[in-house]
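*Asks:*
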Amino acid sequence: MTIKESFQAAKSPQTTTEDGIAVTNDFAAVVDGSTSKGTLLLGGKSSGRVAMEIVCESIQHLDANITSAEAANKLTNDIRQLYIENDLLENAIAKAENRFTCSAVIFSKRRREIWFIGDCQCRFGGQTYTNEKLVDRILADIRCDAIEYLLRHGHTIEDLQLKDLGRAFILDALKDQCNFQNSKGDNPFLYAVIDGFPIDEGMIKTIHVPPHIHEVVLASDGYPVVCDTLDATEKELQRLLKTDLLCYSENRCTKGVMAGADSYDDRTYLKIEIK
Numbered sequence: 074m075t076i077k078e079s080f081q082a083a084k085s086p087q088t089t090t091e092d093g094i095a096v097t098n099d100f101a102a103v104v105d106g107s108t109s110k111g112t113l114l115l116g117g118k119s120s121g122r123v124a125m126e127i128v129c130e131s132i133q134h135l136d137a138n139i140t141s142a143e144a145a146n147k148l149t150n151d152i153r154q155l156y157i158e159n160d161l162l163e164n165a166i167a168k169a170e171n172r173f174t175c176s177a178v179i180f181s182k183r184r185r186e187i188w189f190i191g192d193c194q195c196r197f198g199g200q201t202y203t204n205e206k207l208v209d210r211i212l213a214d215i216r217c218d219a220i221e222y223l224l225r226h227g228h229t230i231e232d233l234q235l236k237d238l239g240r241a242f243i244l245d246a247l248k249d250q251c252n253f254q255n256s257k258g259d260n261p262f263l264y265a266v267i268d269g270f271p272i273d274e275g276m277i278k279t280i281h282v283p284p285h286i287h288e289v290v291l292a293s294d295g296y297p298v299v300c301d302t303l304d305a306t307e308k309e310l311q312r313l314l315k316t317d318l319l320c321y322s323e324n325r326c327t328k329g330v331m332a333g334a335d336s337y338d339d340r341t342y343l344k345i346e347i348k
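Going by my numbering, the first residue of the sequence shown is number 74, and it counts up by one from there.
(1) For residue 342, report the span of its beta strand (DSSP E) as first-last.
(2) Tell me the rounded alpha-carbon separation between residue 249 and residue 237.
(3) Which two residues bound the contiguous beta strand (DSSP E) that contains residue 177?
(4) Let me know the alpha helix (DSSP H) ranges lying completely inside the segment 149 to 176, each 4 residues or longer, listed in chain order.
(5) Does the pairing of the segment 145 to 153 with the segment 192 to 210 give three or more beta-carbon distances under 8 angstroms?
(6) Tell me which residue opens and which closes the beta strand (DSSP E) that residue 222 is part of.
(7) Taking the C-alpha atoms as reference points, what is the distance between residue 313 and residue 160?
(8) To the nearest angstrom, how far is it from the Cα of residue 210 to the Cα of residue 247?
(9) Taking the alpha-carbon positions, what's the residue 131 to residue 221 distance?
(10) Under DSSP, the alpha helix (DSSP H) around residue 126 begins and ends at which residues?
(11) Nearest to residue 322 by CA position, among 305, 339 and 224, is which residue?
(12) Enumerated in chain order, which unbroken segments of the alpha helix (DSSP H) with a length of 4 residues or greater are wholly contained in the segment 229 to 314?
(13) Of the choices 269, 167, 280 and 182, whose alpha-carbon is the least far from that of residue 189?
(14) Compute the distance between the beta-carbons of residue 319 and residue 102, then report whether it is under 8 angstroms.
(15) Determine which residues share a DSSP beta bridge with residue 196 and list them.
(16) Provide the residue(s) that pair with residue 190 in DSSP beta bridges, ordered along the chain.
(17) Based on Cα-Cα distance, which residue from 176, 303 and 144 lies nearest to residue 99?
(18) Do residue 172 and residue 268 have their C-beta atoms within less than 8 angstroms of each other?
(19) Could you pull the DSSP bridge partners for residue 96 from this structure?
(20) With C-beta atoms as the reference, is residue 282 less than 8 angstroms away from residue 289?
(21) Note down, in chain order, each residue of its chain lying with its Cβ closer than 6 angstroms to the Cβ of residue 276, except the 5 sequence neighbours on either side.
(22) Assuming contact is defined by CB atoms lying nearer than 8 angstroms, are residue 343 and residue 94 in contact in what I supplied?
(23) Can you look up residue 143 in the DSSP assignment and give me helix, strand or coil?
(24) Could you name the residues that DSSP lists as bridge partners for residue 79?
(25) Between which residues of its own chain and residue 324 is the CB-CB distance below 7 angstroms, once the five residues before and five after are set aside?
(26) Residues in its own chain within less than 6 angstroms of residue 106 by CB, not counting five upstream and five downstream?
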């Protein structure tokens with residue numbers, strides 16, 4: 074595999090990106106560390122950054138023939154081992170919002186499969202594939218309705234960039250939703266992530282890449298629209314940032330662009346050529 078285009082950017086010049094890229098002879102992946110909902114840090118790093126670094130390193134050592142379920146188990150166990158080594162396992166069990174959590178979209182060259190564990194994206198053959206969480210869409214709609222109300226009742230875009238009162242309105246629910254990650258049962262809000270706890274194999278979304286496809290794009294959800302080129306993807310993002318700075322109308326999200334930030338989320342774009 075050859076990297077044709079690759080780009081990463083943090084949402085703000087003052088922050089470090091929680092996204093990562095891993096590419097080997099057999100795998101290519103974009104890993105998106107989850108925005109921290111709790112207070113746990115390790116070595117001064119956020120829980121999302123820690124999870125991303127562990128998973129990117131773990132992907133470097135995956136066997137070429139590994140299945141999606143086996144890979145998920147390996148990545149999960151590597152994060153769980155970090156809890157054990159740092160005496161954090163009981164904390165992670167008791168408070169899901171403190172878990173080292175990330176999402177990943179992984180291309181397996183040998184199997185010609187793309188695996189989604191969490192809410193990343195991919196594109197090939199003129200089509201974009203996503204893996205959005207239902208609970209995120211519901212909470213995004215609530216936040217956006219709150220932002221619309223606030224703007225109608227005296228608030229400005231500028232003051233809501235200083236303090237996102239819409240996100241504050243859903244913050245407790247954002248923390249509570251962590252209890253749905255890798256949980257068990259028959260609940261529409263359940264979702265899979267890599268967080269050191271067992272992943273239900275049935276929640277790993279798998280897409281087959283046909284033999285005639287020779288380019289694949291992998292991206293984090295910091296891009297609202299993924300295109301065939303980085304330039305087109307960036308242009309669409311910049312258009313949306315100009316027209317919907319608070320991310321409450323055309324690009325409805327659980328957070329907007331804060332004062333001093335460049336975007337509403339970290340973003341990563343990776344286009345690979347399959348030989």
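Glycine included, every Cβ here is placed at the ideal spot set by N, Cα and C. The structure presented is a predicted model; accordingly, all values stated were derived computationally and were not measured.
*Replies:* Let's see:
(1) 340 to 346
(2) The straight-line gap separating the alpha-carbon atoms of residue 249 and residue 237 is approximately 19 angstroms.
(3) 175 to 181
(4) 162 to 167
(5) Taking one beta carbon from each stretch, the segment 145 to 153 and the segment 192 to 210 have fewer than 3 pairs nearer than 8 angstroms; the two do not touch.
(6) It is not in any beta strand (DSSP E) - residue 222 instead sits in the alpha helix (DSSP H) that spans 207 to 225.
(7) So the two alpha carbons sit approximately 43 angstroms from each other.
(8) 11 angstroms
(9) Residue 131 and residue 221 have their C-alpha atoms roughly 43 angstroms apart.
(10) 120 to 132
(11) 224
(12) 230 to 235 and 238 to 249
(13) 280
(14) Residue 319 is not a Cβ neighbour of residue 102, given a cutoff of 8 angstroms.
(15) 201 and 290
(16) 177
(17) Comparing alpha carbon positions, the residue from 176, 303 and 144 closest to residue 99 is 144.
(18) Result yes, Cβ atoms of residue 172 and residue 268 sit closer than 8 angstroms.
(19) 101
(20) With contacts defined by Cβ atoms closer than 8 angstroms, residue 282 and residue 289 form a contacting pair.
(21) 265
(22) yes
(23) helix
(24) 343
(25) Around residue 324, the same chain offers 297, 313 and 317 as residues with beta carbons nearer than 7 angstroms, after the five sequence neighbours per side are excluded.
(26) 91, 121, 122, 124, 125 and 175
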